[in-house]
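Undergrad: Below is the structure I would like to discuss, written out as structure tokens.
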Amino acid sequence: MAEKKEEFIKVKANWNIPFTHSAGKCASHFFQEMREKKRILGIRCPKCQRVMLPPRSFCERCFVATTDWVPVKDEGVVESVSINYMEYTGMPKPPYAIAFIRLDGSDSNLMHFVGGVDLSDWKKAKDLVKIGTRVKAVWKEEREGRMTDIMYFKPVSAK
Ligand SMILES: [Zn+2]
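Residue numbers for the sequence shown follow the working numbering, so the first one is -14 and each next one is one higher.
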């Protein structure tokens, strides 16, 4: 007699678990400067001299504490970019572009949105936002001390 296969019941559910956590000393200072002074700070490793952005409390290459805050420009160059046309949970309505941006004065990349240009036609969008495109931060008027205080980075060539 064949043994009956055990059935596994699937339960569909949506979990929404809001929580608050401390940004920590390093990120808190970084976000305060953005909120109050519209200023982006990197942090320098005293050993290898790299300016890291977003700032972190230690250099992951040298394993030493970082100490020196360094203002970087809110303008830089796209190092890599993805222009998205699919809708994903928790993400903006497409199309949108996400890029790694090397801000002037930093030795690492910041991930952020690139906007302020028409991305609806990918054949045109790929020329508007690409590796090497210079971009500048578009700040919110009312800032909260979050990465989203910068709405997006806009190509400087865009009007
Ligand atoms: Zn280092």
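Glycine included, C-beta positions come from ideal geometry on N, C-alpha and C.
1) Return yes when the C-beta of R41 is under 8 Å from any heavy atom of ligand 1, and no when it is not.
2) Measure the alpha-carbon distance for E156 versus V120 and round it to whole angstroms.
3) Taking the alpha-carbon of D89 as reference, which of D59, K111, S13 has the nearest alpha-carbon?
4) Does the beta-carbon of M37 have 16 or more other beta-carbons within 10 angstroms, so that it is buried, or is it exposed?
5) Tell me the rounded alpha-carbon separation between E45 and S93.
6) If you follow the alpha helix (DSSP H) that S65 is part of, which residue opens it and which one closes it?
7) Whole angstroms is fine: what's the gap from Q34's alpha carbon to K108's?
8) May I have all residues whose beta carbon comes closer than 6 Å to any heavy atom of ligand 1, sorted in chain order?
9) So, with DSSP's three-state summary, where would you put A12?
10) Does the pairing of the region 6 to 23 with the region 65 to 82 give three or more beta-carbon distances under 8 Å?
TA: According to the structure data:
1) no
2) Residue 156 falls outside the range modelled here, since the chain spans only -14 to 144, and no answer is possible.
3) D59
4) buried
5) 12 Å
6) Taken as a continuous stretch (DSSP letters only), S65 belongs to no alpha helix (DSSP H), being part of the beta strand (DSSP E) at 60 to 69.
7) If I take the Cα positions, the gap works out to 40 Å.
8) C30, K32, C33, R35, C44, R46, C47
9) helix
10) With a cut-off of 8 Å, the region 65 to 82 and the region 6 to 23 do not count as touching, because too few Cβ pairs lie within range.
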